[in-house]
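Right, one structure below, let's go through it.
Residue numbers (the working numbering), protein chains in the order written: chain W, -13 to 326; chain S, 69 to 460.
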């Protein structure tokens, strides 16, 4: 049995935090080679059979390096496939994905219409690095469907992001005739899948965010120790120290919530996980906002990586439901639970 | 029996005991003296039941509990909404650990059994001129034969008006470093020359006191450690309690979230998305405060404690507590501006203005938020200290 600290160590070695935004194709190949795609896959299906917390540990480390390898959407798609109950071709797909074939799940909503002949039209957003995908897993309205990237009626459109560490695509379907063999889950079967995938998605995005926040604060503190003004290191000024201390507290409390939710990920509500994701991504935003300010002028330049962290934090806030949505959901849930 | 089973059994045992024995009506006590008496009675009841001193060594009845067991006890005390052990807190933690670690056999034999019969202690550390900079204290003690003669003033002593004894820090020398001239004494609060004056707090409570010392004689046999070595003893005192209180307080805070749900429901604002969102944010903040307090204790159980961790737990809790009471003030609107009777010894009473004012106890007392930030920045993030030697 692999323990989490071994996973952490190997992730740190493969993706050191001082090599930010590693080249994507090499990073993806390395992530696949490390076997991380198989972490959550049950042992009887050839995986490591570890929990969602193990996967989150990897995403935390990759977040530190602002990894460009789209491991999160690939692992979410893989989970949808291995949890699907009535997907005939499941085993060969698991093998293909674990072998490094890239099949992402969308991490933003989509809207599809089904015509009388069963063909699909509409747009699904939030596919990371779809240019290297062989198929796209469409998760919308309880249905999970694999769509070949090169099929008729399928078009991918890259939408340029502020976040330069990742690439994001919209999927456009125009009277696309779905292949019944590629239907992973339909109708009611999709609901429990959606629930399970959401649990992982929130944990992973939160882990990525807090890895990034930690790396961002580390860089900031190092900079303040090195940079001298008024004949002393900036890190000596109490006004700046106190801000760093508050950022540290923000990160540590968010991490405590992340790992406590990760440990109970199968039993807590999806809302509790979504609210945790909101808290973690907002913590990332808070840290990177101050990261630029505390770096001063250099923080405003493309020569320094501050902006990469900030832009990634802003995008993470939007993935899998924005902050306001999860705050409202958490509020509603607490109103129901506590008012008798 | 597995560890989990054992803890579950303990939990059930306490829960059953609390169902029959948890004090009722304590939130309605209107007189501070009556509140103190109710605290004394509740403590003695817990002593009898074996739940008052789980952190003491095993030779004491109810002692020898693991940290995991202690956590269960405090979780259940919080869940049953029992009054916090405010009066006996300093006594069973700070006094007890000071005596156990540094006291003479005579001091231990005299005071530890007495504590379990209700002897109550206060802390005489802070002074008007020595708050965050505790080592700057000036309260003077001169040795005359077998006694120290003490003159000076102490402040912020919790529940000192009811205390039988005081852990007193005095200055016995002004030479060398300021820490070097400090001596630790055990003082009888009924000794001639001791005057206690409760401080009227802004919300109407009187939890803290000033202590005036006018030629008070303390026997040399009541000194802990050597003369001039009181600072080291103080460190033992201050590290007596590591994390249980903040875990308990965080759980109590979360357990009282229903107050907001009731206010939102009764004022017809359950469809006000802005209010619901802010409530949701607060719920998650409370969850994070609980998680960070839990993590601190869990790490301690595994033998891990990084310097600065305790500061993060305290600053997280105290900030959420402030936001918590502010949300109540906001929800209550004008109603909260009319004075209501306060509840003694509780931080989440639903009297939101009072709770707001009381929340400062946690951003100021026991090492202010700013001191904690210095600890996090300088000792955890290893940012350099400011140069010393400022002269006005």
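Every residue, glycine too, gets a C-beta built ideally from N, C-alpha and C.
Taking the alpha-carbon positions, what's the residue i to residue j distance?
{"i": "residue 438(S)", "j": "residue 358(S)", "result": "22 angstroms"}
{"i": "residue 449(S)", "j": "residue 429(S)", "result": "26 angstroms"}
{"i": "residue 50(W)", "j": "residue 5(W)", "result": "10 angstroms"}
{"i": "residue 32(W)", "j": "residue 24(W)", "result": "8 angstroms"}
{"i": "residue 105(S)", "j": "residue 149(S)", "result": "18 angstroms"}
{"i": "residue 143(W)", "j": "residue 41(W)", "result": "29 angstroms"}
{"i": "residue 132(S)", "j": "residue 75(S)", "result": "14 angstroms"}
{"i": "residue 317(S)", "j": "residue 427(S)", "result": "12 angstroms"}
{"i": "residue 36(W)", "j": "residue 301(W)", "result": "28 angstroms"}
{"i": "residue 326(W)", "j": "residue 88(S)", "result": "Per-residue confidence for residue 326(W) stands at a pLDDT of 47, beneath the threshold of 50, marking its modelled position as unreliable; the derived number appears in the next sentence. Distance between the alpha carbons of residue 326(W) and residue 88(S): 24 angstroms."}
{"i": "residue 165(W)", "j": "residue 79(W)", "result": "15 angstroms"}
{"i": "residue 137(S)", "j": "residue 143(S)", "result": "10 angstroms"}
{"i": "residue 421(S)", "j": "residue 90(S)", "result": "27 angstroms"}
{"i": "residue 353(S)", "j": "residue 367(S)", "result": "21 angstroms"}
{"i": "residue 171(W)", "j": "residue 132(W)", "result": "10 angstroms"}
{"i": "residue 273(W)", "j": "residue 210(W)", "result": "15 angstroms"}
{"i": "residue 229(S)", "j": "residue 266(S)", "result": "7 angstroms"}
{"i": "residue 98(S)", "j": "residue 416(S)", "result": "17 angstroms"}
{"i": "residue 220(S)", "j": "residue 250(W)", "result": "54 angstroms"}
{"i": "residue 69(S)", "j": "residue 17(W)", "result": "For residue 69(S), the pLDDT reaches just 45, beneath the cut-off of 50, and the residue's location in the model is therefore unreliable, leaving the point undetermined."}
{"i": "residue 73(S)", "j": "residue 182(W)", "result": "30 angstroms"}
{"i": "residue 227(S)", "j": "residue 198(W)", "result": "46 angstroms"}
{"i": "residue 270(S)", "j": "residue 425(S)", "result": "7 angstroms"}
{"i": "residue 172(S)", "j": "residue 371(S)", "result": "29 angstroms"}
{"i": "residue 197(S)", "j": "residue 290(S)", "result": "25 angstroms"}
{"i": "residue 282(S)", "j": "residue 295(S)", "result": "21 angstroms"}
{"i": "residue 130(S)", "j": "residue 118(S)", "result": "4 angstroms"}
{"i": "residue 55(W)", "j": "residue 168(W)", "result": "25 angstroms"}
Where does the unbroken beta strand (DSSP E) through residue i begin, and where does it stop?
{"i": "residue 287(S)", "result": "276 to 287"}
{"i": "residue 122(W)", "result": "121 to 126"}
{"i": "residue 209(S)", "result": "208 to 212"}
{"i": "residue 257(W)", "result": "No beta strand (DSSP E) holds residue 257(W); the alpha helix (DSSP H) holding it covers 256 to 281."}
Interface residues of chain W around residue i at Cβ under 8 angstroms?
{"i": "residue 107(S)", "result": "Going along chain W, no residue has its Cβ under 8 angstroms from residue 107(S), so there is no contact; the nearest lies around 28 angstroms."}
{"i": "residue 315(S)", "result": "Chain W residues near residue 315(S): none, gap ~12 angstroms exceeds 8 angstroms."}
{"i": "residue 251(S)", "result": "Within chain W, no residue comes near residue 251(S); the closest Cβ sits about 32 angstroms away, beyond 8 angstroms."}
Starting from the beta carbon of residue i, find every residue of chain W whose beta carbon is closer than 7 angstroms, and list them in chain order.
{"i": "residue 270(S)", "result": "Neighbours of residue 270(S) on chain W: none; closest Cβ ~25 angstroms, over 7 angstroms."}
{"i": "residue 320(S)", "result": "Correct list: empty, because the minimum Cβ distance to chain W is about 14 angstroms."}
{"i": "residue 355(S)", "result": "243"}
{"i": "residue 325(S)", "result": "320, 324"}
Where DSSP assigns a beta bridge to residue i, which residues make up the other side?
{"i": "residue 253(S)", "result": "236(S), 291(S)"}
{"i": "residue 179(S)", "result": "Bridge partners of residue 179(S): none, in fact."}
{"i": "residue 189(S)", "result": "233(S)"}
{"i": "residue 156(W)", "result": "143(W)"}
{"i": "residue 114(W)", "result": "154(W)"}
{"i": "residue 55(S)", "result": "In the structure as shown, chain S starts at 69 and stops at 460, and residue 55(S) therefore has no counterpart that could be examined."}
{"i": "residue 215(W)", "result": "218(W)"}
{"i": "residue 297(W)", "result": "Residue 297(W) is not bridged to any residue."}
{"i": "residue 91(W)", "result": "123(W)"}
{"i": "residue 263(S)", "result": "280(S)"}
{"i": "residue 107(W)", "result": "99(W)"}
{"i": "residue 289(W)", "result": "Partner(s): none; residue 289(W) has no beta bridge."}
Note down, in chain order, every chain S residue with its Cβ under 7 angstroms from the Cβ of residue i.
{"i": "residue 238(W)", "result": "360, 380"}
{"i": "residue 145(W)", "result": "Neighbours of residue 145(W) on chain S: none; closest Cβ ~28 angstroms, over 7 angstroms."}
{"i": "residue 110(W)", "result": "Residues of chain S passing the Cβ test: none, with the nearest at roughly 27 angstroms."}
{"i": "residue 221(W)", "result": "451, 452"}
{"i": "residue 277(W)", "result": "Going along chain S, no residue has its Cβ under 7 angstroms from residue 277(W), so there is no contact; the nearest lies around 14 angstroms."}
{"i": "residue 316(W)", "result": "348, 351, 352"}
In chain S, what lies closer than 9 angstroms to residue i by C-beta?
{"i": "residue 224(W)", "result": "438, 441, 442, 445, 454"}
Residues of chain W with CB closer than 9 angstroms to the CB of residue i, please, in chain order.
{"i": "residue 226(S)", "result": "Ordered by position in chain W, no residue passes the 9 angstroms Cβ test against residue 226(S), which lies about 25 angstroms from the chain."}
{"i": "residue 405(S)", "result": "Going along chain W, no residue has its Cβ under 9 angstroms from residue 405(S), so there is no contact; the nearest lies around 25 angstroms."}
{"i": "residue 448(S)", "result": "231, 234"}
{"i": "residue 264(S)", "result": "The premise fails here: residue 264(S) is roughly 35 angstroms from chain W at the closest Cβ pair, so nothing lies under 9 angstroms."}
What are the start and end residues of the alpha helix (DSSP H) that includes residue i?
{"i": "residue 348(S)", "result": "341 to 369"}
{"i": "residue 394(S)", "result": "377 to 400"}
{"i": "residue 62(W)", "result": "57 to 69"}
For a contact meaning CB atoms closer than 8 angstroms, what does residue i contact in chain S?
{"i": "residue 282(W)", "result": "The premise fails here: residue 282(W) is roughly 17 angstroms from chain S at the closest Cβ pair, so nothing lies under 8 angstroms."}
query: Given a limit of 7 angstroms on CB to CB distance, which residues of the stretch 330 to 348 of chain S reach chain W?
result: Those would be 330, 332, 333, 338, 341, 344, 345, 347, 348, in chain order.
field: Members of the stretch 255 to 272 of chain W near chain S, C-beta cut-off 8 angstroms
entry: Taking 8 angstroms as the cut-off between beta carbons, the residues of the stretch 255 to 272 of chain W near chain S are 258, 261, 262, 264, 265, in sequence order.
field: Members of the stretch 380 to 399 of chain S near chain W, C-beta cut-off 7 angstroms
entry: So the close ones are 380, 383, 384.
- request: Select from the stretch 111 to 144 of chain S all residues with a C-beta closer than 9 angstroms to any C-beta belonging to chain W, and list them in chain order.
  value: The stretch 111 to 144 of chain S vs chain W, Cβ under 9 angstroms: nothing.
task: Name, going along the chain, the residues of the stretch 93 to 105 of chain W whose beta-carbon falls closer than 9 angstroms to a beta-carbon of chain S.
output: Along the stretch 93 to 105 of chain W, none of the residues has a CB nearer than 9 angstroms to a CB of chain S.
message: Against chain W, which members of the stretch 227 to 247 of chain S pass a CB distance test of less than 7 angstroms?
response: Listed in sequence order: no entries.
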